[in-house]
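K.L.:
Sharing a structure with you now.
Chains as they are written, first to last, in my numbering: chain A, 1 to 260; chain B, 1001 to 1260.
This is the structure:
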């Protein structure tokens, strides 16, 4: 029987405001068994870039990463945000280990091929080193993964945290029964964006198509669900979308994605 | 019989200029067997602080670390410098794993007690988690340690890299025959600072006392040698002071510290 493994991807304000970060750390620490945290940090990177006089350029919600911006995201994601979370988890007795894709070569990628847009130093994932990740979590380490990968030739690459979480979840699904939790500010996917309580409890691919057609699900939520359904198709046991209060897998709150 | 373990501490320009860093990475990669790299990054931190309009204050060569400076050193040491080294080592087939003292709780410290000087968020080391470090190196991981520790209560602390390297070397000496290499710009301790070739090949505690009295060894070199002799007294097999070209332990070049 496969062991349970919980992977939580957390981004947005949750990870960047001291109060909500403290709450997240507490709730994540309460999850039993092997677990991995994948975090973002885009707001902090944008704020640091501004302080350094570096302009932030986004296309379709994705950051253009030139050399100067790569320095900023490497500092902010792998340094500031990652170590804040690691030190916080250690204070809760969690054996947290901060990592990027370069550390132990856990996630290798290639620089995105230029299309209509040149995203710069952005990585598209090629391989997840599930052997070392599996060994770490079975030795009670808690990997805390920053949204950076490497190309194996010495180049760090900025990489989408949702995509990294999905890829890690899929790669570990042979060995583990993986629950992947996308954690953000809302209680789940809302049927009415103005009503915090209007959480849709379950979404199948058919529901997703309908909700997109009805414009209930729009913009930033679409790639998140695409990533989620993709992970489900690759053997991940369950995908849940919720806020920090809902991340403990025993609660099962938020929106659950189902294959059928 | 204890297995060999090489710990290299590298700082100064060596780690912060692309050309010398590339050389270091190549030479460090050529060291056989279990190994650990401990790095500094002070020049980069000072440069980043200046860009952010944060004033760098030093007392006796030690950085005063207020909250704003702690953010800078956390970003620069654990983010920029550490990940550059990790990605570079990975490109040489080394299973590098970037860490601070907080990661896997490998080095715990307490905030330095205020004396005449308030150093701020600076850590004095209490404990090295030699069990996890030993397990990592025996599993062929290469820890790359940034000069930061934590207090176990969620606080990151700026910590001297020489001291961290000595503490790690001492803590692992029960299990390993440890060679500790302090790597910097010079070929070793020089008897004539103006003659790069005037390397003193061996220094005993008696020699050290004499060389200090004769003002041959001064300033920044004194705490380095103090750290070195301290580590020797705690069971470290050999201490060597050299430049990147001399770090491969088979060459045995540079200055060697001896107990008698």
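Note that CB positions come from ideal geometry on N, CA and C, so glycine has one too.
Which residues in chain B sit within 8 Å of residue 153 of chain A, going by Cβ to Cβ distance?
P.N.:
1091, listed in chain order.
K.L.:
Out of curiosity, what's the CA-to-CA distance linking residue 1066 of chain B and residue 113 of chain A?
P.N.:
Approximately 42 Å between the Cα atoms of the pair.
K.L.:
Consult DSSP for residue 238 of chain A and reduce its assignment to one of helix, strand or coil.
P.N.:
Here residue 238 of chain A sits in strand by DSSP.
K.L.:
What's the gap between the Cα of residue 21 of chain A and the Cα of residue 83 of chain A?
P.N.:
So the two alpha carbons sit approximately 12 Å from each other.
K.L.:
Going along the chain, which residues of its own chain have a beta-carbon closer than 7 Å to the beta-carbon of residue 1070 of chain B, five neighbours each way excluded?
P.N.:
So the qualifying residues of the chain are 1121, 1156, 1158.
K.L.:
Under 7 Å Cβ to Cβ from residue 243 of chain A, same chain only, skipping five residues before and after it: list those, please.
P.N.:
The answer, listed in chain order, is 183, 184, 185, 186, 187.
K.L.:
Between which two residues does the beta strand (DSSP E) holding residue 97 of chain A run?
P.N.:
Segment 96 to 99, the beta strand (DSSP E) holding residue 97 of chain A.
K.L.:
On the three-state DSSP scale, how would you describe residue 29 of chain A?
P.N.:
Residue state, collapsed to three classes: helix.
K.L.:
Flag this pair as yes or no: are the beta carbons of residue 148 of chain A and residue 78 of chain A separated by less than 8 Å?
P.N.:
The answer is yes: Cβ separation under 8 Å.
K.L.:
So with Cβ pairs under 8 Å, would you call residue 1262 of chain B a contact of chain A?
P.N.:
With chain B covering 1001 to 1260 only, the question about residue 1262 of chain B has no answer from this structure.
K.L.:
For the structure I just gave you, are there three or more beta carbon pairs, one from the region 26 to 38 of chain A and one from the region 157 to 175 of chain A, closer than 8 Å?
P.N.:
Touching, yes.
K.L.:
In the DSSP assignment, what are the bridge partners of residue 163 of chain A?
P.N.:
Per DSSP, none; premise fails for residue 163 of chain A.
K.L.:
Return the bridge partner residues of residue 1006 of chain B from the DSSP annotation.
P.N.:
Partner(s): B:1035, B:1179.
K.L.:
Hey, does residue 1103 of chain B have any beta-carbon neighbour from chain A nearer than 8 Å?
P.N.:
True, the Cβ-Cβ gap to chain A drops below 8 Å.
K.L.:
Which residue comes first and which comes last in the beta strand (DSSP E) that contains residue 1278 of chain B?
P.N.:
Lying outside 1001 to 1260, the shown extent of chain B, residue 1278 of chain B is not represented and no answer is given.
K.L.:
Out of B:1057, B:1050, B:1094, which one is the CA nearest neighbour of residue 1027 of chain B?
P.N.:
Comparing Cα-Cα distances from residue 1027 of chain B to each of B:1057, B:1050, B:1094, the minimum goes to B:1094.
K.L.:
Please report how far the alpha carbon of residue 76 of chain A lies from the alpha carbon of residue 1106 of chain B, in whole angstroms.
P.N.:
Cα to Cα, the separation comes out at about 22 Å.
K.L.:
Let me check one thing: in DSSP terms, what residues is residue 1051 of chain B bridge-paired to?
P.N.:
None; residue 1051 of chain B has no bridge partner.
K.L.:
Helix, strand or coil: how does DSSP classify residue 203 of chain A here?
P.N.:
In this structure, residue 203 of chain A counts as strand in the three-state DSSP scheme.
K.L.:
Within 10 angstroms of the Cβ of residue 238 of chain A, are there 16 or more other Cβ atoms? Answer buried if so, exposed if not.
P.N.:
Residue 238 of chain A is buried by the Cβ-count criterion.
K.L.:
Put residue 188 of chain A into one of helix, strand or coil per three-state DSSP.
P.N.:
DSSP places residue 188 of chain A in coil when its eight states are reduced to three.
K.L.:
In whole angstroms, what separates the C-alpha of residue 1171 of chain B from that of residue 1132 of chain B?
P.N.:
In a straight line, the C-alpha of residue 1171 of chain B is about 12 Å away from that of residue 1132 of chain B.
K.L.:
Please state the DSSP three-state secondary structure of residue 157 of chain A.
P.N.:
If DSSP states are grouped into helix, strand and coil, residue 157 of chain A belongs with the strands.
K.L.:
Tell me which same chain residues have a C-beta within less than 7 Å of the C-beta of residue 191 of chain A, skipping the five on either side of it?
P.N.:
Answer for residue 191 of chain A: 198, 200, 216, listed in chain order.
K.L.:
Identify the continuous alpha helix (DSSP H) that holds residue 223 of chain A and give its terminal residues.
P.N.:
Looking at the DSSP string, the run of the alpha helix (DSSP H) that includes residue 223 of chain A is 221 to 233.
K.L.:
Residue 1101 of chain B and residue 1086 of chain B look like a contact to me (Cβ under 8 Å); what is the Cβ gap, rounded to whole Å?
P.N.:
At roughly 16 Å, the Cβ-Cβ gap does not stay under 8 Å, so residue 1101 of chain B and residue 1086 of chain B are not in contact.
K.L.:
Take the Cβ of residue 1073 of chain B as the centre, count every other Cβ of all protein chains shown within 10 Å, and call the residue buried at 16 or more, exposed below.
P.N.:
By the neighbour-count rule (16 or more Cβ atoms within 10 Å), residue 1073 of chain B is buried.
K.L.:
Have a look at residue 1173 of chain B and residue 1195 of chain B and give me their C-alpha separation to the nearest angstrom.
P.N.:
Rounded to the nearest angstrom, the two C-alpha atoms are 35 Å apart.
K.L.:
Whole-angstrom Cβ separation of residue 7 of chain A and residue 178 of chain A, contact assumed at under 8 Å?
P.N.:
Residue 7 of chain A to residue 178 of chain A, Cβ: 6 Å. Contact.
K.L.:
Report the neighbours of residue 150 of chain A on chain B: residues whose CB is nearer than 7 Å to its CB, in chain order.
P.N.:
Simply 1087, 1090.
K.L.:
How big is the Cα-Cα spacing for residue 1203 of chain B and residue 1116 of chain B?
P.N.:
Roughly 33 Å separates the two Cα atoms.
K.L.:
Output, in chain order, the set of chain B residues within a Cβ distance shorter than 9 Å of residue 160 of chain A.
P.N.:
Chain B residues near residue 160 of chain A: none, gap ~18 Å exceeds 9 Å.
K.L.:
Can you give me the C-alpha to C-alpha distance between residue 1030 of chain B and residue 1248 of chain B, rounded to a whole angstrom?
P.N.:
Distance between the alpha carbons of residue 1030 of chain B and residue 1248 of chain B: 7 Å.
K.L.:
Only counting the same chain, and skipping five residues up and downstream in sequence, which positions put a Cβ closer than 6 Å to that of residue 59 of chain A?
P.N.:
117.
K.L.:
Quick check on DSSP: helix, strand or coil for residue 135 of chain A?
P.N.:
Correct three-state label for residue 135 of chain A: helix.
K.L.:
Looking only at its chain, what residues have a beta carbon closer than 6 Å to the beta carbon of residue 1130 of chain B, apart from the 5 residues adjacent to it on each side?
P.N.:
Cβ neighbours of residue 1130 of chain B beyond the five flanking positions: 1171, 1172.
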